[in-house]
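Here is the structure we will look at, set down as structure tokens.
Protein chains: 2
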Amino acid sequence: MHSEVVASRSADQRDSSRESRNGGSPQLDAVSLAIIQQLQEDGRRPYAAIGKAVGLSEAAVRQRVQKLLDQGVMQIVAVTDPLTVGFRRQAMVGINAEGDVEKIADALTDMSEVEYVVMTAGSFDILAEIVCEDDDHLLDVINKRIRSLPGVRSTESFVYLKLKKQTYMWGTR
Amino acid sequence: MHSEVVASRSADQRDSSRESRNGGSPQLDAVSLAIIQQLQEDGRRPYAAIGKAVGLSEAAVRQRVQKLLDQGVMQIVAVTDPLTVGFRRQAMVGINAEGDVEKIADALTDMSEVEYVVMTAGSFDILAEIVCEDDDHLLDVINKRIRSLPGVRSTESFVYLKLKKQTYMWGTR
DNA sequence: ACCTATCTTTGCGGATTTCGCAGAAGCGGT
DNA sequence: ACCGCTTCTGCGAAATCCGCAAAGATAGGT
Numbered sequence: 001m002h003s004e005v006v007a008s009r010s011a012d013q014r015d016s017s018r019e020s021r022n023g024g025s026p027q028l029d030a031v032s033l034a035i036i037q038q039l040q041e042d043g044r045r046p047y048a049a050i051g052k053a054v055g056l057s058e059a060a061v062r063q064r065v066q067k068l069l070d071q072g073v074m075q076i077v078a079v080t081d082p083l084t085v086g087f088r089r090q091a092m093v094g095i096n097a098e099g100d101v102e103k104i105a106d107a108l109t110d111m112s113e114v115e116y117v118v119m120t121a122g123s124f125d126i127l128a129e130i131v132c133e134d135d136d137h138l139l140d141v142i143n144k145r146i147r148s149l150p151g152v153r154s155t156e157s158f159v160y161l162k163l164k165k166q167t168y169m170w171g172t173r
Numbered sequence: 001m002h003s004e005v006v007a008s009r010s011a012d013q014r015d016s017s018r019e020s021r022n023g024g025s026p027q028l029d030a031v032s033l034a035i036i037q038q039l040q041e042d043g044r045r046p047y048a049a050i051g052k053a054v055g056l057s058e059a060a061v062r063q064r065v066q067k068l069l070d071q072g073v074m075q076i077v078a079v080t081d082p083l084t085v086g087f088r089r090q091a092m093v094g095i096n097a098e099g100d101v102e103k104i105a106d107a108l109t110d111m112s113e114v115e116y117v118v119m120t121a122g123s124f125d126i127l128a129e130i131v132c133e134d135d136d137h138l139l140d141v142i143n144k145r146i147r148s149l150p151g152v153r154s155t156e157s158f159v160y161l162k163l164k165k166q167t168y169m170w171g172t173r
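If you read the sequences in order, they're chains A and B. Heads up, the first sequence is in the UniProt record's numbering, so the first residue is 1 and it goes up one at a time. Heads up, the second sequence is in the UniProt record's numbering, so the first residue is 1 and it goes up one at a time.
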């Protein structure tokens, strides 16, 4: 498994091929991408092993990983399926909004029950995933806290029945 | 930060308060929950530090973490926002299905572009998050591969414009 | 009560990894 | 060429990870 990703790393190192689009975020070269890829397979993989895979010294990998974490480009965390773990109600809420949609998204972001907020194109302006203690809590968050936000025109809820897949391998195919 | 979570751990250790509901999945006691919580804050936190926080030896924590990983209860990985990282098109697809919905969900699970599949109650039977190279790829996956699955009645897509929040802290509030 | 089988925890060396730092490259700008 | 800045490398010390054998806990059977 995990074969050599970058072989020579002499000229193609500071690959700045695609930093023109992509707003304010820091541009990632091929090496950092490869490092992230390694950590998507195993968040605890030793720096030396990553270094061997991407063609860098242990210290260099460590330095880059630290920077990626500091910049907020990635985070290394344990992820679970709350439903499997056992004690929560989970739902996706589609929101139709008017006015400053981003401000509504920010308000959602501030709610601790909201795990995931994304602005979308389509018949919803915002999708928000929420995790609650139980049905009462879920109802409270959706009907009271979210629907009452100024600018929220309507919402539609999708209560989770079963999580089938959850991966973080977007580059590993 | 990270204060003592479990103090005595003599009698309340094998806390089996809520394993009755929660299908086939392995029941988690309070200590494992606390361990997961620690790793949700920092996936690379040393076992000894976790042990101190939850009241267990380093070796015991290590063993429990390994078991949680083996059982698939949690995974320790690097997570990023693909849109921030820079080079993908991402969308949520709501699917209306007839017949064996779970079989359709399984088919989606097998697609490498699909990162997230959840069966829901509401006006969609399935929600699937897909990550693609570009618009052509996205169009191909949605219109050709997903819509052509037997039993898929209709789909609706929500292309991601901006990810606002992404956390994995469901127990840390 | 006692014994047994099973599972979990603990303690402890040795191998491995992480950490911090000083020096060496690499890369523009002047 | 020189300088400032960033990144990479090498290395020693400290901390961590790992495997293992013994101790402890739990549940069931007799």
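Note that beta-carbon positions come from the ideal geometry of N, C-alpha and C, so glycine has one too. All values derive from a computational prediction rather than experimental measurement.
Here L149 of chain A is actually not in contact with A91 of chain A; their C-beta atoms are around 17 Å apart, not less than 8 Å. With its beta carbon at least 7 Å from every one in chain A, M111 of chain B lies outside the interface. With distances taken between CA atoms, L108 of chain A lies nearest to A:K144 out of A:R88, A:D136, A:K144, A:P82. Think of a sphere of 8 Å around the beta carbon of R44 of chain A: the chain B residues whose beta carbon falls inside it are G43, R44, I76, in chain order. Under the three-state reduction of DSSP, G151 of chain A is assigned to coil, being neither helix nor strand. Here V101 of chain A has M119, D125, I126, G151 as same chain residues with Cβ atoms under 8 Å from its own Cβ, once five neighbours each way along the sequence are excluded.
The distance from the Cβ of E113 of chain A to that of I130 of chain A is about 5 Å, consistent with a contact at the 8 Å cut-off. In the structure shown, E156 of chain A adopts extended strand secondary structure according to DSSP, grouped into three states. Any Cβ of chain B closer than 7 Å to the Cβ of Y168 of chain A would place that residue at the interface, and such an atom is present. Within the stretch 33-96 of chain A, the complete alpha helix (DSSP H) runs of at least 4 residues fall at 47-54, 58-71, 82-85. The DSSP-derived three-state label of E129 of chain A is strand. Each residue's CA atom was taken as its position, placing L161 of chain B and D136 of chain B some 17 Å apart.
Closest by C-alpha distance to A60 of chain A, out of A:Y116, A:A128, A:V31, A:D70, is A:V31.
Residue contact with chain A for T155 of chain B: absent (no Cβ-Cβ distance below 7 Å to any residue of chain A). Distances from the CA of G72 of chain A to each of B:D70, B:T84, B:Q75, B:M169 were compared; the closest alpha carbon is that of B:T84.
P46 of chain B is classed as exposed because its beta carbon has fewer than 16 other beta carbons within 10 Å across all chains shown.
Beta-bridge annotation (DSSP): T120 of chain A is paired with B:Y160. Contact note: Y160 of chain B reaches chain A through V118, T120, using a C-beta cutoff of 7 Å and chain order. V114 of chain A is bridged by DSSP to A:I130. Within chain A, the residues A78, T80, V85 have their CB atoms less than 9 Å from the CB of I36 of chain B, given in chain order. Contact annotation for K165 of chain B against chain A: T109, V114, Y116, V117 [CB-CB distance below 7 Å, chain order]. Contact of L39 of chain A with chain B is assigned, a C-beta pair being separated by under 7 Å. At a cut-off of 7 Å, the C-beta of A53 of chain B has no neighbouring C-beta in chain A.
Closest option to G94 of chain B, judged by alpha-carbon separation, among B:T167, B:I142, B:G51: B:I142.
Against A97 of chain A, chain B offers no close residue; the least beta-carbon distance is about 13 Å (beta-carbon pairs closer than 9 Å).
Ranking B:D134, B:I36, B:F158 by CA distance to the CA of L69 of chain B puts B:I36 first. For I104 of chain B, the uninterrupted alpha helix (DSSP H) segment begins and ends at 101-109. Below the 7 Å Cβ cutoff, chain B contributes K164 as neighbours of A105 of chain A, in chain order.
The beta carbons of R88 of chain A and C132 of chain A sit about 6 Å from each other, so the pair counts as a contact at 8 Å. Counting along the chain, the unbroken alpha helix (DSSP H) around L138 of chain A starts and ends at 135-139.
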